[in-house]
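Shown next, in structure tokens, is the structure this report addresses.
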Amino acid sequence: MSDTKKHLSDAEKVNLAGTKAKGQRPYFLAQKQTEQALSVAMSLAMELSVTKERLASLECLLADKGIIEKGELDGYQPSKDEVAKRSLETQAYLARVLRIMQQDKEELESNDPDMQTVQDTLTKW
1 MSDTKKHLSD AEKVNLAGTK AKGQRPYFLA QKQTEQALSV AMSLAMELSV
51 TKERLASLEC LLADKGIIEK GELDGYQPSK DEVAKRSLET QAYLARVLRI
101 MQQDKEELES NDPDMQTVQD TLTKW
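Every letter in the sequence shown is one number past the one before it in UniProt numbering, and letter 101, counting from 1, is 101.
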């Protein structure tokens, strides 16, 4: 983790998870909302796939080393501190998954037109 990220508050880290990449987002489907829904679904699918693989690997490693029994994770009860940490991680996760919706909201709130709007305006002259 970079030194910059180490010094950020939890709220800043959550906000950073949903930051917009530079440039205009390309849309390929006829409806922008359909594209957004697909983006959210694909983001969820990627996150879930990686998580499932890592969890399965971790459980196998721990069981192979005799640290836990297979299936022992099912009965685990996290501490209050762990619950709080997981809550922040969930907020950052949702910020990443719903990033496309947040970016649209930010674009509407800013009065800065996107590049396509500027280009369309200039070509009309």
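Where a beta carbon is used, it is the ideal one built from N, C-alpha and C, also for glycine.
Within 10 angstroms of the beta-carbon of Val14 lie 16 or more other beta-carbons, which makes it buried. For Asp64, the enclosing alpha helix (DSSP H) has its first and last residue at Lys32 to Asp64.
The beta carbon of Met101 is closer than 8 angstroms to those of Gln36 and Val40 in its chain, skipping five residues each way along the sequence. Of the residues Phe28, Leu61, Thr19 and Leu44, the one whose Cα lies closest to the Cα of Glu107 is Thr19. Under the DSSP assignment, Ser9 falls outside any alpha helix (DSSP H); it carries neither an H nor an E label. The beta carbons of Ala17 and Ala92 sit closer together than 8 angstroms. In the DSSP annotation of this structure, the continuous segment of the alpha helix (DSSP H) that includes Tyr93 starts and ends at Lys80 to Val97.
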